[in-house]
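Just add 5 to the spot in the sequence shown (first one is 1) and you have the working numbering.
The beta carbon of each residue, even a glycine, is placed where N, CA and C say it ideally should be.
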Amino acid sequence: MRDFKSTTTSFKPRGLATHIGSLPHVDPEEACQLVLRYLPEIPAWPQLPHRSFLENMYAQFSQGFPGLILEEDHLWVDREVDLSPELERLYDDCLEGRLEPYALSPDYAAGLQAFLQSRLDSPLAVKGQVTGPVSFGLVIGDQNHRPIIYDDSLAEAIARHLKLKASWQEKVLSALFPRTIIFLDEPYLGSLGSAFVAVPPQKAEGLVVEVLEGVRGLKGIHCCGNADWPFLLRLPIDILSLDAYNFGESLALRPAEVKAFLERGGVLAWGIIPNDEETLSRETVASLISRLQELLLLLSNKGVNYDILVEQSLITPSCGLASLSPELAERALKLTAEVSKELRRLGTKWS
Numbered sequence: 006m007r008d009f010k011s012t013t014t015s016f017k018p019r020g021l022a023t024h025i026g027s028l029p030h031v032d033p034e035e036a037c038q039l040v041l042r043y044l045p046e047i048p049a050w051p052q053l054p055h056r057s058f059l060e061n062m063y064a065q066f067s068q069g070f071p072g073l074i075l076e077e078d079h080l081w082v083d084r085e086v087d088l089s090p091e092l093e094r095l096y097d098d099c100l101e102g103r104l105e106p107y108a109l110s111p112d113y114a115a116g117l118q119a120f121l122q123s124r125l126d127s128p129l130a131v132k133g134q135v136t137g138p139v140s141f142g143l144v145i146g147d148q149n150h151r152p153i154i155y156d157d158s159l160a161e162a163i164a165r166h167l168k169l170k171a172s173w174q175e176k177v178l179s180a181l182f183p184r185t186i187i188f189l190d191e192p193y194l195g196s197l198g199s200a201f202v203a204v205p206p207q208k209a210e211g212l213v214v215e216v217l218e219g220v221r222g223l224k225g226i227h228c229c230g231n232a233d234w235p236f237l238l239r240l241p242i243d244i245l246s247l248d249a250y251n252f253g254e255s256l257a258l259r260p261a262e263v264k265a266f267l268e269r270g271g272v273l274a275w276g277i278i279p280n281d282e283e284t285l286s287r288e289t290v291a292s293l294i295s296r297l298q299e300l301l302l303l304l305s306n307k308g309v310n311y312d313i314l315v316e317q318s319l320i321t322p323s324c325g326l327a328s329l330s331p332e333l334a335e336r337a338l339k340l341t342a343e344v345s346k347e348l349r350r351l352g353t354k355w356s
């Protein structure tokens, strides 16, 4: 793997809170109000998959992809037709930096449209998200149900298509507030190297890097599985977002890589608030702070500077919240805000 230098090193959120993206709500204004109520410092526009299949994380960013067929709640690419004209258009758009054809229309992202009309309360940044190329290419198949990532020409098209989607989103968010964060949501990066995902790491890296090159501001990756942490920590990202509730201990097994990531200015987004109903119902601010403390001390005891860990941290839910009821999703956001507040109150007193 290539070695990447720091991208943006001046972002030190000191335990502020944000969220991953999806909420169970169907009213975009209500969802935005909830986000702004609990996460005013780094609000993120809400994805609303229960509102429409078009807001499913794969459908949401599929609009305009060459050969794409949308049938009710199913997406696929027809490789039996000549895709050359559409692929050439995509490549030309990428070369020329034409972004408007890759806008997220209101039918696909009602939460974004409502968010762009919101009044912000002096945030540190605003956050958006795009489905990552590896997950996009593994979930969407062709007419034979073969994931399109295994077709090299379509894999390249995925990266360029999502690069333009990310660039357009960053552009419109920066009009709302100048400092932006764009996450690539890549759940399937946690499956690289398994028997179920035959994508070489070098190919995955190339696709991800291509999309990230479309983001000028802060950029991150969210992976909610037990991932290859050295692989992710060496990518050209400012923020690594993980399901720390379930997989934080596995990250702590990689102190050298974590230390190097932090030294180049990287931020860890600790997804310490669980997103499943049973676990979320029993957790409290105190129990989650204790769980986070254990993870930070695991790394600190292995030579990772504790003060830097706290300074270069975000607090988030472990993943999206769309699978919860609206009431429990609000509880998750409230806990996220309260854990963040408590972490900032305690500061380095734990170390």
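Span separating the alpha-carbon of residue i from that of residue j
i: E210; j: T136; result: 15 Å
i: P71; j: G146; result: 13 Å
i: E262; j: R239; result: 8 Å
i: L351; j: I226; result: 27 Å
i: P128; j: P183; result: 10 Å
i: F58; j: R124; result: 28 Å
i: A202; j: S196; result: It is worth fixing the name first, because residue 202 is Val in this sequence and not Ala. Using only the alpha carbons, I get a separation of about 6 Å.
i: V177; j: L121; result: 8 Å
i: L189; j: I242; result: 10 Å
i: P205; j: V216; result: 17 Å
i: Y311; j: E282; result: 32 Å
i: L104; j: L95; result: 11 Å
i: L247; j: L237; result: 10 Å
i: G222; j: H24; result: 18 Å
i: S110; j: S295; result: 42 Å
i: C229; j: R269; result: 23 Å
i: T185; j: Q134; result: 11 Å
i: G325; j: L267; result: 25 Å
Classification of residue i by the beta-carbon crowding that lies within 10 angstroms, buried from 16 upward
i: G308; result: exposed
i: G102; result: exposed
i: R42; result: exposed
i: I74; result: exposed
i: N149; result: exposed
i: L212; result: buried
i: P90; result: exposed
8 Å contact criterion, which residue i and residue j should meet: CB distance rounded
i: C99; j: L169; result: 6 Å
i: R293; j: L340; result: Looking at the sequence itself, residue 293 is Leu, so the reference to Arg does not match. About 7 Å separates the two Cβ atoms, so the contact holds.
i: I313; j: V272; result: Not a contact, Cβ separation roughly 10 Å.
i: I187; j: A200; result: Going by Cβ atoms, the distance from I187 to A200 rounds to 32 Å, so no, they are not a contact pair.
Of the residues the options, the one placed nearest residue i, counting alpha carbons only
i: D32; options: L117, Q134, L267 and V290; result: L117
i: S140; options: G276, K208, E93 and S179; result: K208
i: H30; options: L44, A49, R19 and H55; result: H55
i: G253; options: Y155, L297 and Q134; result: L297
i: D233; options: Y193, K224, L53 and A162; result: Y193
i: S27; options: E347, E335 and E343; result: E335
Residues near residue i by beta carbon distance below 8 Å, same chain, minus five either side
i: L21; result: E46, I47, L129, L319, I320, S345 and R349
i: P152; result: G142, L143, V144, I145 and G146
Nonlocal neighbours in the same chain, by C-beta distance under 6 Å from residue i, ignoring five residues either side
i: A108; result: W173
i: K255; result: Correcting the residue type first, residue 255 is Ser in the shown sequence and not Lys. If we look at S255 and ignore the five residues flanking it on each side, its Cβ neighbours are N231.
i: R165; result: L95 and C99
i: L338; result: Y43
i: V220; result: A171, E175 and I187
Same chain, Cβ closer than 7 Å to residue i, neighbours up to 5 away in sequence not counted
i: C37; result: P51, G116, A119, F120 and S123
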